[in-house]
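Peer 1: Just passing along the structure, written as structure tokens.
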Amino acid sequence: MKKYIAKLPNEFKVPTESVGQRILKEYGALFVARGGAIPPNTVIFKNEAEVSAYQSGLAKEDENLGGFNIELQAAAMKNLKDAIAEAKQANLTITPRGADSAKRDYSGTVELWASRVNPGLAHYVGNGKLAQAEANRIKSLSPFEQVPEIFKLESSGMFFSKDLSKSIIYSVAPPGTSQHLSMLALDVSEHDTGRVRGILAKHGWFQTVVSDLPHFTFLGVAENQLSGLGLKKVSDGGRSFWLPNL
Ligand SMILES: [Zn+2]
């Protein structure tokens with residue numbers, strides 16, 4: 054634990070409340086990114102203004118990849134393009150899954166969150182596990198305030214992932230917490246191909262969110278340096294994910 058905390062940027066605000074601590078544990082590999090990456094100094098952006106202030110200070114690069122306009126931090130894009138070139142030599146491709154596969158803004162994360170929360174609430178009202186009034190109360194809260202409420206329902210067995218089988222955090226990020234806000238993440242179409250994952254890793258791109266299979270994060274170091282940043286390897290479904298060793 055100490056090693057990971059020591060590797061965080063000096064100005065990073067280590068969360069003290071339980072939602073923030075959970076986000077740090079699940080999505081936190083990003084915050085020790087190196088290789089020219091500038092991670093956010095907070096686990097949760099509270100609104101669009103905070104996201105814009107952070108994003109506007111970054112060195113960015115945009116590129117048309119696979120028919121989509123993709124914008125990333127410059128260091129992440131450079132290494133992605135190197136990975137794409139290496140893949141090409143092996144007759145492989147590395148392409149984004151869609152237009153929102155890289156940069157997102159705050160409202161994008163709010164929409165994605167609602168796309169899981171609203172059907173989930175309707176489902177649990179429908180099967181009698183949740184009172185309509187309680188669902189209405191949760192819906193009336195700000196996206197930021199909904200997060201602890203949804204985690205609380207999940208702790209009693211009402212899950213909000215797309216198939217309702219696991220936590221929402223393995224399906225969509227709570228508003229203001231997505232790694233895509235940092236412009237250091239990319240959802241890759243060819244994620245199922247082991248050789249593609251190997252090439253991405255060689256160029257500093259790793260999987261850091263357990264069971265979010267298309268999702269890669271630019272950490273900017275070689276794989277053998279990740280444990281030195283306080284990260285641990287978690288094996289799941291035949292893949293390796295790098296998470297904070299907390
Ligand atoms: Zn993603």
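When the letters of the sequence shown are read in order and numbered with the numbering used here, they come out as residues 54 to 299. The beta carbon of each residue, even a glycine, is placed where N, CA and C say it ideally should be.
Leaving out five residues before and five after residue 62 in sequence, what residues of the same chain have Cβ atoms less than 8 Å from its Cβ?
Peer 2: Closer than 8 Å at the Cβ level, and outside the excluded window around residue 62, lie 84, 92, 94.
Peer 1: For the pair the segment 169-179 and the segment 257-266, tell me if three or more CB-CB distances fall below 8 Å.
Peer 2: Touching, no, given that fewer than three Cβ pairs across the two stretches are closer than 8 Å.
Peer 1: Quick one: is residue 104 buried, meaning 16 or more other Cβ sit within 10 Å of its Cβ, or exposed?
Peer 2: Buried, because 16 or more other Cβ atoms sit within 10 Å of the Cβ of residue 104.
Peer 1: Under a criterion of Cβ closer than 5 Å to any non-hydrogen atom of ligand 1, which residues qualify, in chain order?
Peer 2: Output, sorted by chain position: 240, 268.
Peer 1: Taking the straight line between their C-alpha atoms, what separation do you get for residue 269 and residue 109?
Peer 2: Near 22 Å, if we compare the C-alpha coordinates of residue 109 and residue 269.
Peer 1: What are the boundary residues of the beta strand (DSSP E) that includes residue 289?
Peer 2: Residues 284-289.
Peer 1: How is the beta strand (DSSP E) around residue 116 delimited, first residue to last?
Peer 2: First-last of the beta strand (DSSP E) with residue 116: 113-118.
Peer 1: Classify residue 148 as helix, strand or coil using the three-state DSSP reduction.
Peer 2: Residue state, collapsed to three classes: coil.
Peer 1: Should residue 277 be labelled buried (16 or more other beta-carbon atoms within 10 Å of its own) or exposed?
Peer 2: Classification for residue 277: exposed.
Peer 1: Could you tell me the boundaries of the beta strand (DSSP E) in which residue 124 lies?
Peer 2: Here the beta strand (DSSP E) through residue 124 covers 121-126.
Peer 1: Do residue 60 and residue 296 have their C-beta atoms closer together than 7 Å?
Peer 2: No, the pair does not count as a contact, with Cβ atoms beyond the cut-off.
Peer 1: Could you tell me whether the segment 115-126 touches the segment 150-157, where touching means 3 or more Cβ pairs closer than 8 Å?
Peer 2: Touching, yes.
Peer 1: When the Cα atoms are used, what is the spatial distance from residue 168 to residue 161?
Peer 2: Rounded to the nearest angstrom, the two C-alpha atoms are 11 Å apart.
Peer 1: Quick check: the segment 193-203 against the segment 214-231, are there 3 or more CB pairs under 8 Å?
Peer 2: A contact exists between the segment 193-203 and the segment 214-231.
Peer 1: Do we get a CB-CB distance below 7 Å when we pair residue 254 with the residues of chain B?
Peer 2: No chain B appears in this structure, which consists of one protein chain only.
Peer 1: Is the Cβ-Cβ distance between residue 86 and residue 272 less than 7 Å?
Peer 2: Contact flag set, yes.
Peer 1: Who does residue 98 pair with in a DSSP beta bridge?
Peer 2: BP columns for residue 98 are empty, so no partner.
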